[in-house]
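Some notes on the structure that comes next.
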Amino acid sequence: MAGVAGGMIRKVARSFDEWRAAARDLVARAVPPASVEWAASEADGDLFSFGADGAAGHWHGHGAEAAAGSALRVPRELMEMLASAACFSAADRWAFLYKVLWRWQRGERDVMSAADVDGARLYAMVKAVRREEHDMHAYVRFRERKEEDGAPRFVAWFEPTHEVLPQVARHFARRMGNATWMIATPTATVLWDGEHLHNAPALMRGAADIDDAGESLWLTYYRSIFNPARLNADLLRSHIPSRFWKNLPEGAIVPAMISGAATGERRTGQTGTVGRRGGATTIAVTPERAQPRRDAPDTLDQCRRCELWRNATQAVPGVGPRQARIMLVGEQPGDQEDLQGLPFVGPAGAVLDRALAEAGVARDAVYLTNAVKHFKWELRGKRRLHKTPAQREVAACHVWLEEELQQVRPEVVVALGATALKSVLRDGGATMSAVMEAPFQHEGRWVVAVYHPSFVLRARDEESRKQAYDVIVAGLRQALRLAPARSG
2 MAGVAGGMIR KVARSFDEWR AAARDLVARA VPPASVEWAA SEADGDLFSF GADGAAGHWH
62 GHGAEAAAGS ALRVPRELME MLASAACFSA ADRWAFLYKV LWRWQRGERD VMSAADVDGA
122 RLYAMVKAVR REEHDMHAYV RFRERKEEDG APRFVAWFEP THEVLPQVAR HFARRMGNAT
182 WMIATPTATV LWDGEHLHNA PALMRGAADI DDAGESLWLT YYRSIFNPAR LNADLLRSHI
242 PSRFWKNLPE GAIVPAMISG AATGERRTGQ TGTVGRRGGA TTIAVTPERA QPRRDAPDTL
302 DQCRRCELWR NATQAVPGVG PRQARIMLVG EQPGDQEDLQ GLPFVGPAGA VLDRALAEAG
362 VARDAVYLTN AVKHFKWELR GKRRLHKTPA QREVAACHVW LEEELQQVRP EVVVALGATA
422 LKSVLRDGGA TMSAVMEAPF QHEGRWVVAV YHPSFVLRAR DEESRKQAYD VIVAGLRQAL
482 RLAPARSG
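In our numbering, the protein residues as written are 2 to 489.
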């Protein structure tokens with residue numbers, strides 16, 4: 002399908018097959034890439050499609066090409082690369098693939114070289130797609146449904162970065178035999194009836210829609226085989242990117258097990274059995290006395306001032322220049338911050354980044370931290386949801402914020418939300434409404450109080466979100482005006 006407007010030809014491509022047919026026609030008519038507009042439907046120009054056909058070979062002429070008696074011949078290697086790159090999520094992918102094809106047809110063979118600009122991008126797209134296929138093979142987790150519920154017997158949820166569901170579905174069809182299953186993603190679904198694959202639109206909203214009675218058994222087994230003495234947390238995180246953890250069944254318990262391993266279970270895992278051994282000899286020692294002596298905690302990773310460390314993956318310290326003029330203090334790490342060990346890298350961090358940019362404040366010029374350094378959460382289904390820290394937990398963690406204030410010596414502290422404000426002022430009764438109107442002095446520095454970025458995400462409507470966001474931007478601009486440049 003094509004249309005012409007203002008010298009441009011419009012082509013619709015909802016799949017690799019459609020793109021291939023359209024590209025064949027365009028090449029036959031010698032239409033250059035700059036004269037083609039690609040769209041995903043007749044209604045718009047948004048480029049989003051599913052799947053790719055991995056076939057390779059010759060494209061034989063139709064239309065003008067057939068009349069000329071010619072044939073467009075493409076080497077198998079290039080065809081396979083184009084089919085793979087078609088799964089890469091990019092708004093201009095169809096246009097880019099046609100540009101590659103156009104250059105090849107005109108004799109520019111270096112377009113298949115990684116040293117060429119377009120060739121380098123093509124190789125990068127193929128590599129990313131193949132990596133996504135590998136990750137999906139590794140991290141798809143099927144949950145078993147009750148037999149009386151009928152087909153599909155196994156269900157999985159996955160959130161791919163690129164559109165690799167059709168290829169991955171063929172992989173699992175070969176691996177799982179006659180067992181019926183379904184893989185759901187945010188945009189599409191594939192079902193296997195034991196003999197054939199069926200494509201469907203999105204049927205689920207997330208992993209929480211899956212009810213698996215056998216999952217508790219799997220988690221019990223997972224805990225039983227976990228050996229804290231052999232844990233290498235850095236290696237674990239490098240092998241399994243953080244975006245996969247939230248949908249893995251074991252993702253709900255691994256953070257607590259990592260935390261336990263880092264805080265003594267490597268050395269004390271068997272102390273609970275000391276003094277209870279059978280035999281003629283009685284060991285007159287309590288489990289507590291059998292544990293090694295430890296110094297009082299003097300680093301954040303060793304902090305046991307409250308109980309939050311028990312269920313957190315790690316403590317999350319502040320980041321930024323040690324002589325930053327502005328310090329931003331949030332409430333506590335969220336799910337992504339807990340996994341990555343960095344503040345403001347989750348959804349609230351994205352809102353903050355946008356507000357900083359709009360206010361003209363460089364993120365790498367400010368010091369970012371939280372009033373509470375460990376993630377407090379509660380399990381809802383398969384998700385770890387934020388839970389507001391108690392005042393005693395805020396007070397227990399203040400020593401670490403005070404240490405950061407002394408080291409950085411900021412001219413301005415921006416309190417992001419009520420919890421941060423209470424910690425900065427060391428006043429459990431402090432309220433946002435009393436101080437949001439204007440900045441004020443506290444212990445020799447300016448304090449600016451604004452909403453926490455997560456408040457923008459939770460706002461009930463667009464008007465409320467805009468109002469909260471504007472308050473944050475205005476506060477950041479105010480902080481910038483209050484922070485004089487330091488000399489020396």
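Backbone N, C-alpha and C fix where the C-beta goes; we use that ideal spot for every residue, glycine too.
Nothing here was measured: the structure is a model prediction, and the numbers come from that model.
Residues R364 and L477 of the same chain have their beta carbon placed closer than 7 angstroms to that of L357, with the five preceding and five following residues left out of the count. Residue nearest to N371 within the set E109, V415 and V352 is V415 (criterion: CA-CA distance). About 11 angstroms separates the beta carbons of R323 and Q407, which is beyond the 8 angstroms limit, so they are not a contact pair. Closest option to F143, judged by alpha-carbon separation, among K128, Y470, L340 and V156: V156. Looking only at E133, S424, A439 and I473, the smallest Cα-Cα distance to Y452 is reached by I473.
Within 10 angstroms of the beta-carbon of E332 lie 16 or more other beta-carbons, which makes it buried. For A201, the uninterrupted beta strand (DSSP E) run begins and ends at L198 to P202, by DSSP.
Secondary structure of L483 (DSSP, three-state): helix. Within the same chain, Cβ atoms closer than 8 angstroms to the Cβ of A325 are found at A366, V367, Y368, V409 and P411, the five residues on either side in sequence being excluded. The beta carbon of P440 lies closer than 7 angstroms to those of W447, V448, V449, Q479 and L483 in the same chain, with the five residues before and after it left out. Between the segment 102-116 and the segment 154-168, the count of Cβ pairs shorter than 8 angstroms is below three; the stretches do not touch.
Pairing M437 with S36, the inter-Cα distance amounts to about 55 angstroms. Put simply, of S85, V413 and G350 the residue whose alpha carbon is nearest the alpha carbon of V169 is S85.
Using a C-beta cut-off of 8 angstroms, the segment 380-399 makes no contact with the segment 457-467, since fewer than three inter-stretch Cβ pairs fall below that distance. Taking the Cβ atoms as the reference, H375 lies roughly 6 angstroms from A316, within the contact range of under 8 angstroms. Comparing alpha-carbon positions, the option among Q337, L402 and W401 lying closest to W378 turns out to be Q337.
Collapsing the DSSP output to three states places G350 in a helix. For M82, the enclosing alpha helix (DSSP H) has its first and last residue at R77 to A86. In this structure the segment 113-125 does not touch the segment 160-168; the number of beta carbon pairs closer than 8 angstroms is below three. By alpha-carbon distance to R355, the top candidate from A152, A475 and K383 is A475.
Annotation for K12: the continuous beta strand (DSSP E) segment containing it runs M9 to V13. Rounded to whole angstroms, the Cβ separation of D119 and V101 is 6 angstroms, and the two are in contact under 8 angstroms. Taken in chain order, the unbroken stretches of alpha helix (DSSP H) that lie wholly in the segment 376-453 and span 4 residues or more are 392-409 and 419-426.
The secondary-structure analysis by DSSP pairs L329 across a beta bridge with L369 and V415.
Going by DSSP, L192 is part of the beta strand (DSSP E) stretching over A189 to W193. According to the DSSP assignment, A170 belongs to the alpha helix (DSSP H) that extends over L166 to R176. In this structure, A421 lies near V330, with their beta-carbon atoms less than 8 angstroms apart. Shown here, F345 sits in coil according to DSSP, grouped into three states, outside any helix or strand. In the displayed model, V130 falls within a helix according to three-state DSSP. In the DSSP assignment, the residues bridged to M183 are V156 and L192. Beta-bridge pairing by DSSP links A40 to V13. C-alpha of T389 to C-alpha of A431: approximately 16 angstroms in a straight line. Non-local beta-carbon contacts of G321 in its own chain, meaning distances under 7 angstroms to residues more than five positions away in sequence, involve V367, Y368 and L369 in chain order. Nearest to M80 by alpha-carbon distance, out of L98, E308, R427 and P334, is L98.
Taking C-alpha positions only, V457 is separated from V352 by approximately 8 angstroms.
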